[in-house]
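Number of protein chains: 2
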Amino acid sequence: MNTSHTLPAGKQNARSKLLDAAIVLVRQQGFSATSVDELCAMADVTKGAFFHHFASKDALGAAAADHWTETSSVLFMDADYNRHEDPLDRYLGYLDFREEIATGEVADFTCYAGTSLQECYGSSDAIRDAAYQSIAGHSERLAEDLDQAIARYGVPEGVTGLSLGLYTQAALQGAFILAKGQGNAAPVHDAIVHLRRYILLLFDREGLTQKKGCER
Amino acid sequence: MNTSHTLPAGKQNARSKLLDAAIVLVRQQGFSATSVDELCAMADVTKGAFFHHFASKDALGAAAADHWTETSSVLFMDADYNRHEDPLDRYLGYLDFREEIATGEVADFTCYAGTSLQECYGSSDAIRDAAYQSIAGHSERLAEDLDQAIARYGVPEGVTGLSLGLYTQAALQGAFILAKGQGNAAPVHDAIVHLRRYILLLFDREGLTQKKGCER
DNA sequence: GACAACATACCGACCAGTTGGTATGTTGTC
DNA sequence: GACAACATACCAACTGGTCGGTATGTTGTC
Chain P
1 MNTSHTLPAG KQNARSKLLD AAIVLVRQQG FSATSVDELC AMADVTKGAF
51 FHHFASKDAL GAAAADHWTE TSSVLFMDAD YNRHEDPLDR YLGYLDFREE
101 IATGEVADFT CYAGTSLQEC YGSSDAIRDA AYQSIAGHSE RLAEDLDQAI
151 ARYGVPEGVT GLSLGLYTQA ALQGAFILAK GQGNAAPVHD AIVHLRRYIL
201 LLFDREGLTQ KKGCER
Chain E
217 MNTSHTLPAG KQNARSKLLD AAIVLVRQQG FSATSVDELC AMADVTKGAF
267 FHHFASKDAL GAAAADHWTE TSSVLFMDAD YNRHEDPLDR YLGYLDFREE
317 IATGEVADFT CYAGTSLQEC YGSSDAIRDA AYQSIAGHSE RLAEDLDQAI
367 ARYGVPEGVT GLSLGLYTQA ALQGAFILAK GQGNAAPVHD AIVHLRRYIL
417 LLFDREGLTQ KKGCER
């Protein structure tokens with residue numbers, strides 16, 4: 001990673017402005033439908049600057065996936081739910097948090113990684129790998145809490161933290177697609193209700209009807 | 217050229233060849249990345265034929281979503297699992313069937329509707345509506361079995377057949393995205409294992425460790 | 001001969017990427 | 001600390017090719 005060079009430190013440089021623009025535009029329009037000119041216009045940089053920082057449009061798409069990984073990593077790392085002592089509470093708090101941030105415009109709460117992975121998996125290895133790594137890495141951090149919860153409370157044979165983490169991401173990514181069809185976040189909230197209920201049933205917790213679950 | 221002597225409804229005309237080509241190419245490359253020329257080449261028709269049958273590329277995308285709805289509707293309607301007397305068995309059979317057909321190349325088992333909905337929701341109302349209707353309609357038919365199962369066996373407060381049907385589709389659509397990242401169908405199989413376990417727990421059936429569940 | 005179902009030829013807009021350049025650091029040497 | 005040598009960051013103009021779409025011609029069928 002060569003992100004931190006010699007920047008004036010006060011202003012945002014062309015590279016990071018382009019990455020931010022990519023996150024916004026690709027979530028709105030998709031990767032192919034977003035032109036380099038459009039990206040430059042939103043970032044307020046020239047085309048020359050674009051190709052100075054990125055070898056190709058694909059290279060920007062992959063770099064933006066890494067950028068997405070970093071920013072969302074910070075977002076979730078700093079969130080309050082991590083302060084729960086109980087690992088199961090941390091997972092349930094994660095679901096609550098995801099529900100909270102799923103508001104407003106669809107393009108503002110959907111996932112850059114999921115969108116570009118869906119669209120570019122066949123045409124760009126770099127984008128596919130970076131986007132999948134974003135989702136897989138996120139699942140792995142979820143899996144840590146889930147494995148601790150499994151160790152503490154037990155769970156039916158064959159259930160692993162990583163499998164549950166990936167399944168959680170799958171349900172959320174699919175809910176984002178439904179949200180795009182409906183034009184609102186309702187499918188995301190519905191999916192999280194089901195995910196929460198699944199986890200509570202799996203861990204044999206009967207907080208079934210309450211929304212927050214596990215308040216101890 | 218080919219068998220265009222017999223147009224009257226019996227042979228494959230340009231329109232349906234283009235629809236078939238769209239299903240294949242859009243699943244491989246996405247909608248924007250697939251050009252009209254490419255579609256015509258695969259369908260072995262000319263550009264004039266394309267714009268004779270479709271007012272625009274978007275119109276083809278929407279028509280292909282309807283075409284997808286029809287073909288997949290037939291696929292699932294004719295499948296054996298519908299012959300189960302028990303509605304819960306029909307749902308579980310549906311999951312088994314989805315697992316069975318998730319093999320081979322990723323582009324061959326993923327969903328045209330989910331792919332184009334994810335990509336085109338912001339740029340084409342016609343594609344968005346047709347693609348969402350494809351998924352929502354499929355969920356509604358699932359919901360019929362689930363509502364019957366709920367009526368027969370009961371389920372925790374607030375759980376509806378439609379909500380479960382949509383959640384099932386969300387989990388599958390998300391699993392398709394993960395499959396595109398991994399390059400194989402493993403995430404689809406994993407997601408179905410979790411879906412099956414959720415349903416069995418929800419309906420208080422302890423067929424937890426068996427794969428098929430509910431064999432009666 | 002009317003009409004649907006194509007085919008051919010072509011258009012202007014837009015596309016990703018290139019070019020040749022400037023302005024502003026940074027670094028090593030004396 | 002002066003200065004050459006080099007590196008980085010960015011710019012405006014341009015290019016060759018591709019895009020979705022159109023205008024018009026041809027052909028088989030009723």
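Residue numbers (the numbering used here), protein chains in the order written: chain P, 1 to 216; chain E, 217 to 432. For glycine and all other residues, C-beta sits at the position ideal for the given N, C-alpha and C. What you are looking at is a predicted structure, and each value in this text was computed from that prediction instead of being measured.
In chain P, which residues lie less than 8 Å from E/Leu-417 when you measure between Cβ atoms? Tyr-198, Leu-201, Leu-202
Excluding five sequence neighbours on each side, which residues of the same chain lie with their C-beta closer than 8 Å to the C-beta of P/His-84? Arg-90, Gly-93
Can you find the residues in the same chain that come closer than 7 Å, C-beta to C-beta, to P/Ser-16, ignoring five residues on each side of it along the sequence? none
Extract the residue ranges of the alpha helix (DSSP H) inside the segment 266-302 of chain E, only unbroken runs of 4 or more that lie entirely within it. 273-293
Who are the neighbours of E/Ser-289 on chain P, taking C-beta pairs under 8 Å? Correct list: empty, because the minimum Cβ distance to chain P is about 18 Å.
The segment 135-145 of chain P / the segment 153-167 of chain P touching (three or more Cβ pairs under 8 Å): yes
Using a Cβ cut-off of 8 Å, which residues of the segment 228-246 of chain E contact any Cβ in chain P, in chain order? Gln-244, Gln-245, Gly-246
Is it true that the CB of E/Ala-346 sits closer than 8 Å to the CB of E/Ala-281? yes
Under a three-way DSSP split, which group does E/Gln-389 fall into? helix
Span of the alpha helix (DSSP H) holding E/Pro-403? 402-418
Quick one: give me the first and last residue of the alpha helix (DSSP H) that E/Glu-360 is part of. 341-369
When burial is assigned at 16 or more other CB atoms within 10 Å of the CB, is P/Leu-18 buried or exposed? buried
Contacts of P/Gly-114 in chain E (Cβ-Cβ under 7 Å): Ile-393
Compute the Euclidean distance between the alpha carbons of E/Asp-296 and E/Glu-315, then round it to the nearest angstrom. 14 Å
In whole angstroms, give me the CA-to-CA distance for E/Ala-395 and P/Thr-34. 24 Å
Close-in-space but distant-in-sequence residues of the same chain around P/Gly-114 (CB under 7 Å, 5 per side omitted): Ile-135, Gln-173, Phe-176
Using a Cβ-Cβ cut-off of 8 Å, state whether P/Pro-87 counts as contacting chain E. no
Quick check on E/Asp-253: does DSSP put it in helix, strand or coil? helix
Assigned secondary structure, P/Phe-97 (DSSP; H/G/I helix, E/B strand, else coil): helix
In chain order, what residues of the same chain lie with their CB nearer than 6 Å to the CB of P/Val-106, ignoring the 5 residues before and after it? Ala-179, Lys-180
Integer-rounded CB distance, given that P/Tyr-198 should sit under 8 Å from E/Tyr-205: Not covered by the structure: residue 205 of chain E. The range shown for chain E is 217 to 432.
E/Ala-230, DSSP secondary structure in three states: helix
The alpha helix (DSSP H) that contains P/Phe-109, what's its start and end? 106-109
Near-chain E residues of the segment 114-131 of chain P (beta-carbon distance less than 9 Å), N- to C-terminal order: Gly-114, Thr-115, Leu-117, Gln-118, Glu-119, Cys-120, Tyr-121, Gly-122, Ser-123, Arg-128, Asp-129, Ala-131
Mind pulling the chain E residues with CB within less than 8 Å of P/His-194? Ser-379, Leu-380, Tyr-383, Tyr-414
Quick one: list the residues of chain E neighbouring P/Asp-190, beta-carbon separation under 7 Å, in chain order. Ser-379, Leu-382, Tyr-383
Are the Cβ atoms of E/Val-242 and E/Ser-332 separated by less than 8 Å? yes
E/Ile-236 versus E/Glu-335, E/Lys-263, E/Tyr-328, residue with shortest Cα-Cα distance: Note on residue identity: the sequence assigns Asp, not Ile, to residue 236 of chain E. The candidate whose alpha carbon is nearest that of E/Asp-236 is E/Tyr-328.
Per-residue contacts from P/Leu-172 into chain E (C-beta, under 9 Å): Ala-386, Gly-390
Please classify E/Asp-260: does DSSP put it in a helix, a strand, or coil? coil
Quick check on P/Val-74: buried or exposed, where buried means 16 or more other Cβ atoms within 10 Å of its Cβ? exposed
Cut-off 7 Å between Cβ atoms - residues of its own chain near E/Trp-284, not counting five sequence neighbours on either side: Ile-239, Tyr-328, Ala-329, Ser-350
Mapping DSSP to helix, strand and coil, what is P/Thr-160? coil
P/Ser-256 - DSSP class collapsed to helix/strand/coil: Residue 256 of chain P lies beyond the stretch modelled for chain P, which goes from 1 to 216, so this question has no answer here.
Can you check which of these residues, P/Tyr-121, P/Phe-203, P/Asp-96, P/Tyr-132, is closest to P/Ala-170 by C-alpha distance? P/Tyr-132
Here's a check: name, in chain order, each residue in its chain whose Cβ is nearer than 6 Å to the Cβ of E/Ala-365, leaving out the five neighbours to either side. Pro-303, Leu-304
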